[in-house]
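Below is one structure, written out as structure tokens, with a few remarks after it.
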Amino acid sequence: MKTDSRLEKVFASGNLAVTSEAGPPRGADPEKVKEKAKHLDGYVDGVNITDNQTAMVRMSSMAASVIVKQMGMDPILQMVARDRNRLAIQADILGAYSLGINTMLCLSGDHPKFGDHPTASGVYDIDSVQMVQCVRKMRDEGKFQGGADITKPPKMFIGAAANPFADPFELRVLRLAKKARAGADFVQTQCIFNLDKFEEYMKMVCDMGLDEQIHVMAGITPMKSAGMAKYMKNKVPGMDVPDEVIKRIEGVPKADQAKEGVTMAVEFIERLKECKGVHGFHIMAIEWEEQVPEIVERAGLYPRPEL
Amino acid sequence: MITAEQKPIEEIIEYIAPYDRILLVGCNECVTVCAAGGRKEVGLLASALHLHSLKQGKTVDIKEITLERQCDPEYVEELVSLIDSADAILSMACGCGVQTIAGRYKDKPVYPAVNTKFMGASESQGIWAERCKGCGDCLLGVTGGVCPVARCSKQLMNGPCGGTSNGQCEISPDTDCAWRLIWERLKALGMEKRYIEVMVAKDWRPAGGGGPRRIVREDLT
């Protein structure tokens, strides 16, 4: 084992891993973090704590991760290259690890243009691949990015994101290969609605032997309504929502659409369990954390393995 | 070239309001090519300022001159004979020109009439786009002749983010995804293998991270 991460242990045991996420509040109330996280307790192997998601200021990912850790759960610290240079990134990793956080996700971050501080300048000193490389070097070589020795190196299990749907499609697998090569242990994918395309992507992943090098967690998002489905299709960059998905949700009365969305999510998981190279599921129930336990149970992923 | 755009006329008027005699100085280089601060724009701005002062019931004396290169002390010297007859200088050059004048004529206020934008190229008539950030360590040889520093909105060095939509950047449908362009070029050149190499964290010192930059050519000094 490279780390003490629960997620690493689950992958090593051969079980399908399950993660979900909780966005910290836009305020300083720790109870808000606990409220969201408690829905997930016992149903997941890790909870992503987002880092100023959608470029909106929120409670820091590290603080919220510590709160989740204190609840006895396993936070996955998200970190974006948008808000920190390499000094701040490494300082935060040392700090997070010293507080018991052992799993993280390296991301570029949404562009400031889309957030509530559009006048801010993005940092982008290093990119997400270089961040992966840096965290790996800290862990495996005990060295800072700048080359100096670290007295007690942080042992982080390293995650990254993958979007199989943004174009150019052929580059998407190569980008995953690059993240694996840089040292990522696992990736969580963008929300999957186009399963045919995802399976095509995973075939390319396996053909390149990448499934042996990196754990791919399929991203699952339950749709709350036809309106949400249409919004994701038309407004969220890099999202692939086929018309059949929208039609199916539209096909049921409004009051039942959320239920139908959950059923679809469960069906997606059932189908992708059979997909070679998929080692787990990342369930992103956006502002709908209370729905995650039902999805995990109905998809046959509960109880989580005792390790 | 260095591109620029004229500032809003209200801002320029506010700058020069305290003065009766203005020396309006254009530049015959980049700002002429991008139609922001050459001889023609100097004439147009002078007319606009005259018109505005007439409306206010005032007269303002504006002397127009366009130098060959405002960023070159040799040409800025040409202002010597005019400088005493002006209360302030209004420069239509890029920031380099404005500062060359400010450095030479230390007791004369100088104001910029344009906003210096970026190092760019002309895409078509009337359209210029950013192409270079002057990072001091050119990568174009490995990225197929398309710069990720200047043209990727997140300065990503290892491929496109997840926000590419129909080949365009998520920040605007008018902005090409730099990594889509790089990939197309690498494919056309049969250099796809190059993409898989991880580009390591960039040294930003030559890009300005090491403080203001200079070039000293011993053979020319």
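Residue numbers (my numbering), protein chains in the order written: chain A, 307 to 613; chain B, 7 to 227.
Just so you know, even glycine gets a beta-carbon here, dropped at the ideal spot from N, CA and C.
If you're wondering where the values come from, they're calculated on a predicted model, not measured in any experiment.
- Scanning chain B for C-beta atoms nearer than 8 Å to the C-beta of Tyr430/A yields Lys160, Gln161 and Leu162, reported in chain order.
- Chain B has a Cβ within less than 8 Å of the Cβ of Ser414/A.
- Using a CB distance cut-off of 8 Å, Pro474/A counts as an interface residue toward chain B.
- Secondary structure note for Glu136/B: its beta strand (DSSP E) is the uninterrupted segment Ile133 to Cys138.
- Comparing alpha-carbon positions, the option among Ile19/B, Gly150/B and Met125/B lying closest to Lys61/B turns out to be Ile19/B.
- Residue-level contact check: Cys100/B does not touch chain A, since none of the beta carbons of chain A fall below 8 Å from its beta carbon.
- A straight-line Cα-Cα distance of about 40 Å links Ile89/B and Asp143/B.
- DSSP, read as helix, strand or coil, puts Gly126/B in strand.
- Around the CB of Lys112/B, fewer than 16 other CB atoms lie within 10 Å, so the residue is classed as exposed.
- Among the residues of the stretch 460-493 of chain A, those with a Cβ less than 7 Å away from any Cβ of chain B are Ala467, Asn469, Ala472, Asp473, Pro474, Leu477, Leu480, Arg481, Ala483, Lys484, Arg487 and Ala488, in the order of the chain.
- Close to chain A, meaning a Cβ-Cβ distance shorter than 7 Å, are the following residues of the stretch 184-196 of chain B: Arg186 and Trp189.
- Boundaries of the alpha helix (DSSP H) around Ala108/B: Gly101 to Arg110.
- The contact set of Arg392/A on chain B, defined by CB atoms closer than 7 Å, consists of Ala207 in chain order.
- Check the Cα spacing between Arg137/B and each of Cys153/B, Gln131/B, Gly147/B and Ile71/B: the tightest is with Cys153/B.
- No Cβ of chain A is located within less than 8 Å of the beta carbon of Pro179/B.
- The straight-line gap separating the alpha-carbon atoms of Arg577/A and Asn121/B is approximately 56 Å.
- Three or more Cβ pairs closer than 8 Å define a contact, and the stretch 181-195 of chain B meets that threshold against the stretch 158-169 of chain B.
- Pairing Ile592/A with Lys208/B, the inter-Cα distance amounts to about 35 Å.
- In summary, Arg392/A is buried, with 16 or more beta-carbon neighbours lying within 10 Å of its beta-carbon over all protein chains present.
- Interface with chain A (8 Å Cβ-Cβ cutoff): Thr38/B is excluded.
- 8 Å or more divides the Cβ of Leu57/B from the Cβ of Leu30/B.
- With respect to Met410/A, Ile464/A sits close: the two C-beta atoms are nearer than 8 Å.
- Beta-carbon to beta-carbon, Ile107/B and Val82/B are separated by about 6 Å, close enough to satisfy the 8 Å threshold.
- A Cβ-Cβ distance of about 6 Å is found for the pair Gly544/A and Thr170/B, placing them in contact under the 8 Å criterion.
- Per DSSP, reduced to three states, the secondary structure at Asp180/B is coil, with no helix or strand assignment.
- Residue pairing by DSSP places Asn121/B opposite Glu11/B in a beta bridge.
- Boundaries for Arg27/B: no alpha helix (DSSP H) harbours it, while the beta strand (DSSP E) harbouring it runs Arg27 to Cys33, taken from the DSSP string.
- Ranked by how close their Cα comes to the Cα of Asp491/A, the residues Ile589/A, Glu518/A and Ile498/A have Glu518/A in first place.
- Per DSSP, reduced to three states, the secondary structure at Val429/A is coil, with no helix or strand assignment.
- Scanning chain A for C-beta atoms nearer than 8 Å to the C-beta of Thr170/B yields Ala472, Asp473, Pro474, Pro543 and Gly544, reported in chain order.
- Listed in chain order, the non-local C-beta contacts of Met365/A below 6 Å within the same chain comprise Pro330 and Pro331, local neighbours out to five positions each way being set aside.
- By a beta-carbon distance limit of 8 Å, Ile601/A contacts Ala571/A. Their separation comes to about 5 Å.
- Relative to the Cα of Ala488/A, the nearest Cα in the group Gly583/A, Met510/A, Val511/A and Asp433/A belongs to Asp433/A.
- Cβ-Cβ distances below 6 Å link Met508/A to Cys581 and Gly583 in the same chain, with the five nearest sequence neighbours on each side left out; the list follows chain order.
- Here Phe471/A carries a coil assignment [DSSP, helix/strand/coil].
- Look at the stretch 437-461 of chain A: the residues with a C-beta under 8 Å from a C-beta of chain B are Gln439, Cys440 and Gln451.
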